[in-house]
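Numbering (the numbering used here), first residue to last: 12 to 523.
Put into structure tokens, the structure is as follows:
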């Protein structure tokens with residue numbers, strides 16, 4: 012009965028986390044329909060995505076601390092209720108303002124339920140079973156994360172854009188009912204929460220994450236980006252100093268003094284940094300160089316996510332048997348190799364050459380992601396695991412924004428500079444049309460393949476040079492991602508191997 016109970020709890024936690032995975036990307040393909048339906052401006056449309064991500068990143072440390080202070084079972088139920096109510100509000104929204112507010116509330120709900128669900132899984136399973144349990148949960152979340160745009164497209168086409176938000180209530184209500192039956196209410200705790208630090212935390216994270224999200228449109232050298240980053244750095248420094256002096260801080264920065272936690276956090280950050288840029292600019296390259304449609308490009312990156320679904324449980328089992336160094340080391344080496352080889356092979360300008368490296372990246376992520384989370388949480392005392400999970404989630408989301416911003420800046424700088432040189436040397440297009448040419452590269456490639464007239468006055472003989480420009484820029488971005496992953500992979504050597512990885516004799520680390 013106990014064994015069956017644990018796996019039922021895992022299923023419930025995975026079901027609730029699936030809502031978070033789906034909502035991160037499910038809205039993407041529905042954005043044009045939402046824009047027409049609600050008459051949304053381009054800037055507001057971007058915030059339909061950003062409001063969720065920014066709220067999720069900023070609220071995760073608070074959500075984790077709430078679980079530590081008031082009980083993770085209560086935090087899970089509250090976060091799930093908030094997420095479900097916000098999803099219904101988003102589905103019923105009649106204006107862009109209400110939709111953006113609902114998306115921000117969804118992010119807050121996700122920030123509370125996600126750390127709580129992870130800690131509850133850790134609590135249910137013994138140290139030698141946690142890797143497998145987290146691997147299974149991670150594989151389901153990855154599958155839904157990777158197929159979320161496809162799910163969104165099907166629902167929007169068959170029903171309405173509102174249907175993408177009404178997927179969550181049945182999942183959430185089912186998770187709440189089962190959690191009520193399966194989870195034993197924790198005794199009320201009397202820990203104090205440093206609520207006065209919350210404005211400082213949110214201010215610091217907003218000032219750091221917002222300019223990363225907006226850097227491509229505002230420009231890295233713009234006063235807004237520079238001033239926000241400087242303000243964020245000052246506020247974060249003040250927060251660290253303040254929290255280190257308080258007996259019951261909102262964020263336990265001392266966690267990073269633990270070697271295993273710090274290395275695991277670095278792996279999670281590096282994987283997220285590289286994966287987001289690899290996926291996004293891989294899709295851009297498939298459209299602008301190979302000439303795929305958005306739908307075809309979305310299907311083409313499935314080899315990047317599907318192997319993760321298969322290999323995440325294997326990564327967890329390897330962790331349970333051999334400790335963190337083997338699965339993390341093997342996974343990171345595969346990821347570095349996949350990024351580096353993709354950067355080299357892009358010049359062939361053929362999708363078939365990328366498929367093996369997409370698969371290698373997916374396998375590598377499957378082997379290392381869940382072991383990284385377990386390594387971090389296993390080396391954290393039970394009373395701080397919610398805070399640890401929340402901090403890791405924030406680090407993960409900030410790294411995603413940073414990866415997209417940095418790799419996007421590299422692509423924009425190299426592609427823009429080389430394009431201007433080529434068009435100036437060619438002389439057939441006026442300088443005022445350079446931007447229109449850059450936006451039309453994908454259409455020009457597709458038109459060449461279909462024998463149709465080329466857009467933006469682009470001569471057919473220039474298309475190969477334009478494809479080479481995009482390829483060179485994306486290749487450079489992939490190299491940066493590989494370098495970041497290599498640094499994190501090198502740190503894995505500091506983790507314990509099989510000989511040092513042993514079952515604790517007992518105590519608070521054992522499941523209740």
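Beta carbons: idealized from backbone N, C-alpha and C, even for Gly.
{"Check": "Neighbour-count burial assignment, residue 181, 16 or more Cβ in a 10 Å radius", "Outcome": "exposed"}
{"Check": "N-terminal and C-terminal residue of the alpha helix (DSSP H) that residue 249 is part of", "Outcome": "234-256"}
{"Check": "Of the residues 329, 61, 207, the one placed nearest residue 257, counting alpha carbons only", "Outcome": "207"}
{"Check": "Rounded C-alpha distance that separates residue 318 from residue 376", "Outcome": "9 Å"}
{"Check": "Which of helix, strand or coil DSSP assigns to residue 104", "Outcome": "coil"}
{"Check": "Rounded distance between the beta-carbons of residue 366 and residue 324, thought under 8 Å", "Outcome": "The pair is not a contact, with the Cβ atoms about 23 Å apart (cut-off 8 Å)."}
{"Check": "Residue from 243, 227, 222 whose Cα sits closest to the Cα of residue 235", "Outcome": "222"}
{"Check": "Option nearest residue 77 by Cα separation, candidates 136, 140, 263", "Outcome": "263"}
{"Check": "Nearest candidate by alpha-carbon position, reference residue 90, set 190, 479, 242, 268", "Outcome": "190"}
{"Check": "Bounding residues of the alpha helix (DSSP H) (the contiguous stretch that carries residue 338)", "Outcome": "336-356"}
{"Check": "Given 8 Å, three or more beta-carbon pairs between the segment 44-60 and the segment 85-100", "Outcome": "no"}
{"Check": "Cβ-based burial, residue 461 [other Cβ within 10 Å; buried from 16]", "Outcome": "exposed"}
{"Check": "Coarse secondary structure for residue 299, derived from DSSP in three states", "Outcome": "helix"}
{"Check": "Cβ distance (whole Å) where residue 150 is taken to contact residue 27 below 8 Å", "Outcome": "About 16 Å; that fails the 8 Å criterion."}
{"Check": "C-beta contact flag for residue 340 and residue 381 at 8 Å", "Outcome": "no"}
{"Check": "Classification of residue 105 by the beta-carbon crowding that lies within 10 angstroms, buried from 16 upward", "Outcome": "exposed"}
{"Check": "Short CB-CB distance (under 8 Å) between residue 24 and chain C", "Outcome": "Looking for chain C here will not work: only one protein chain is present."}
{"Check": "Extent of the continuous alpha helix (DSSP H) to which residue 381 belongs", "Outcome": "366-389"}
{"Check": "Neighbourhood of residue 516 by C-beta, 6 Å cutoff - its chain only, sequence neighbours within 5 removed", "Outcome": "Here residue 516 scores only 36 on pLDDT, less than 50, and its place in the model should not be relied on; the value that follows carries that caveat. Once the five neighbours on either side are set aside, residue 516 has no close Cβ partner at all."}
{"Check": "Pick from 45, 246, 82, 232 that is closest to residue 109, judged by C-alpha positions", "Outcome": "45"}
{"Check": "Burial state of residue 254, where buried means 16 or more other Cβ atoms lie within 10 Å", "Outcome": "buried"}
{"Check": "Cutoff 7 Å; reference residue 214; Cβ partners in own chain excluding five residues on either side", "Outcome": "246"}
{"Check": "Check whether residue 65 and residue 118 have beta carbons under 8 Å apart", "Outcome": "yes"}
{"Check": "Contiguous alpha helix (DSSP H) assignments of at least 4 residues, all confined to the segment 107-186", "Outcome": "107-135, 141-169"}
{"Check": "The segment 357-373 touching the segment 24-39, judged by at least three CB pairs closer than 8 Å", "Outcome": "no"}
{"Check": "Cβ shell of residue 63 (< 6 Å), same chain only, five flanking positions each side left out", "Outcome": "114, 117, 118"}
{"Check": "CA nearest to the CA of residue 83, picked from 107, 371, 135, 68", "Outcome": "135"}
{"Check": "N-terminal and C-terminal residue of the alpha helix (DSSP H) that residue 210 is part of", "Outcome": "209-229"}
{"Check": "Any 3 or more C-beta pairs closer than 8 Å across the segment 387-405 and the segment 445-462", "Outcome": "no"}
{"Check": "Coarse secondary structure for residue 262, derived from DSSP in three states", "Outcome": "coil"}
{"Check": "Residue 107: CB within 7 Å of a non-hydrogen atom of the ligand PLP", "Outcome": "Among the components modelled here there is no ligand, and therefore nothing to report on the ligand PLP."}
{"Check": "From 434, 158, 383, residue whose alpha carbon lies closest to that of residue 334", "Outcome": "383"}
{"Check": "Identity of the residue in 172, 242, 265 nearest residue 395 by Cα", "Outcome": "265"}
{"Check": "8 Å Cβ cutoff met for residue 283 and residue 503", "Outcome": "no"}
{"Check": "Alpha-carbon to alpha-carbon, residue 501 and residue 31", "Outcome": "31 Å"}
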